[in-house]
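Structure first, then comments.
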């Protein structure tokens, strides 16, 4: 199911980018391991490498709270 979520995400981003609307740029794909602690580390690394990051796609429920915690710590939870 995780592979299907990623596939669907990529298809939607590709369709959006082909529509002529402002582009969505995927700047990184990091291993979140499907776990809160690994999701946190992946999001933390992404935020350090891309401080102007506007969105994070987490692959599953356990990794999403980890990403959220990293966003909160960075003061970017909004």
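Residue numbers (our numbering): 87 to 164. We put the CB at the ideal spot given by N, CA and C, even for glycine.
As assigned by DSSP and simplified to three states, the class of residue i
i: residue 107; result: coil
i: residue 159; result: helix
i: residue 100; result: helix
i: residue 95; result: helix
i: residue 118; result: coil
i: residue 151; result: helix
i: residue 138; result: coil
Close Cβ partners of residue i (< 8 Å) along its chain, the five nearest in sequence each way excluded
i: residue 142; result: 129, 132, 153, 157
Cβ-based burial, residue i [other Cβ within 10 Å; buried from 16]
i: residue 106; result: exposed
i: residue 161; result: exposed
i: residue 94; result: exposed
Cut-off 6 Å between Cβ atoms - residues of its own chain near residue i, not counting five sequence neighbours on either side
i: residue 126; result: 152, 155, 156
Close beta carbons around residue i, own chain, < 7 Å, minus the five adjacent residues each side
i: residue 150; result: 125, 144
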